[in-house]
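Numbering (full-length UniProt numbering), first residue to last: 1 to 152.
Glycine included, every Cβ here is placed at the ideal spot set by N, Cα and C.
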Amino acid sequence: MSGSPTNGPGETSFAALRGQLHEAATAFADGPDALEGILLGMVDDVDRAVREPLEIFPVCHHSPASALAMARRLREKQPKVVYLELCEDMAPLLGELRNCRLPVAVQAFASDIDGFPAEWAPLSVVAPITEASAEYQAIAYALDTPGVELVL
1 MSGSPTNGPG
11 ETSFAALRGQ
21 LHEAATAFAD
31 GPDALEGILL
41 GMVDDVDRAV
51 REPLEIFPVC
61 HHSPASALAM
71 ARRLREKQPK
81 VVYLELCEDM
91 APLLGELRNC
101 RLPVAVQAFA
111 SDIDGFPAEW
121 APLSVVAPIT
131 EASAEYQAIA
141 YALDTPGVEL
151 VL
């Protein structure tokens, strides 16, 4: 998406929502900045998000061609945030990839599995990482580029 939807000159379509949330937050919040700050911050986040371009880059896992295309795209576009489909529990391990000789596999376990049948416990996610994977190229870009956030 490029640009905010508008109701009129200079007015975003979030102005009415912002006003309604402000009234509700003022009526129910314990303090002037408590709930009001949270609710208005949410609207501001949505408003900012719709003005930012989002590019989804589909990949063929462990494909050298996808890895090369990902590396090229990251160099060209220089995104400040990279979203990667991985378990967020793996985040602390990703920095350690610099100390590994690839390929490696990163694994996360969940013994508390609310919402899943008990016999499925423990749940496990395994992420094989190779230099020839687009996922690794995205991780390496985010880790090696100052100011880039990696979101799992």
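Notebook entry, point to check: Can you give the Cα-Cα distance for Arg75 and Asp114, rounded to whole angstroms?
Noted result: For the purposes of this step, residue 75 is taken as the residue at position 75 of the sequence shown. For the purposes of this step, residue 114 is taken as the residue at position 114 of the sequence shown. Cα to Cα, the separation comes out at about 40 angstroms.
Notebook entry, point to check: Among Leu21, Glu85, Leu54, which residue has its Cα nearest to the Cα of His61?
Noted result: Translated into positions along the sequence shown, residue 61 becomes position 61. Closest option to His61, Cα to Cα, is Glu85.
Checklist line | Minimum C-alpha distance to Arg101 - residue among Val82, Ser66, Leu123, Glu131 | finding: On the sequence shown, residue 101 is found 101 positions in, with the first residue counted as 1. It is Glu131.
Margin query: According to DSSP, is Leu84 part of a helix, a strand, or is it coil?
Written below: If you number the sequence shown from 1, residue 84 lands on position 84. Three-state result, Leu84: coil.
Next item on the list: On the DSSP bridge assignment, give the partners of Glu119 in chain order.
Entry: Position 119 of the sequence shown holds residue 119. Note: Glu119 sits in no beta bridge, so no partner.
Margin query: Alpha carbons only, please: which of Met42, Glu36, Lys77, Leu39 is nearest the one belonging to Leu54?
Written below: Working through the sequence shown from its first residue, we reach residue 54 at position 54. Comparing Cα positions, the closest option is Lys77.
Check: Does DSSP classify Val148 as helix, strand or coil?
Finding: As a working note, residue 148 is residue 148 in the sequence shown. Here Val148 sits in coil by DSSP.
Margin query: Beta-carbon within less than 8 angstroms of Phe14's beta-carbon, same chain only, minus the 5 sequence neighbours each way: which residues are those?
Written below: As a working note, residue 14 is residue 14 in the sequence shown. Excluding sequence neighbours, Phe14 sits near Ser4, Val43, Val46, Asp47.
Margin query: According to DSSP, simplified to helix, strand and coil, what is Ala132?
Written below: One-based indexing of the sequence shown puts residue 132 at position 132. In this structure, DSSP gives Ala132 a state outside helix and strand, which the three-state scheme calls coil.
Notebook entry, point to check: With which residues is Ala91 paired in a DSSP beta bridge?
Noted result: If you number the sequence shown from 1, residue 91 lands on position 91. Note: Ala91 sits in no beta bridge, so no partner.
Note to self: Check this for me: beta carbons of Val82 and Leu39, under 8 angstroms apart or not?
What the structure shows: For the purposes of this step, residue 82 is taken as the residue at position 82 of the sequence shown. For the purposes of this step, residue 39 is taken as the residue at position 39 of the sequence shown. Not in contact: Val82 and Leu39 (Cβ atoms no closer than 8 angstroms).
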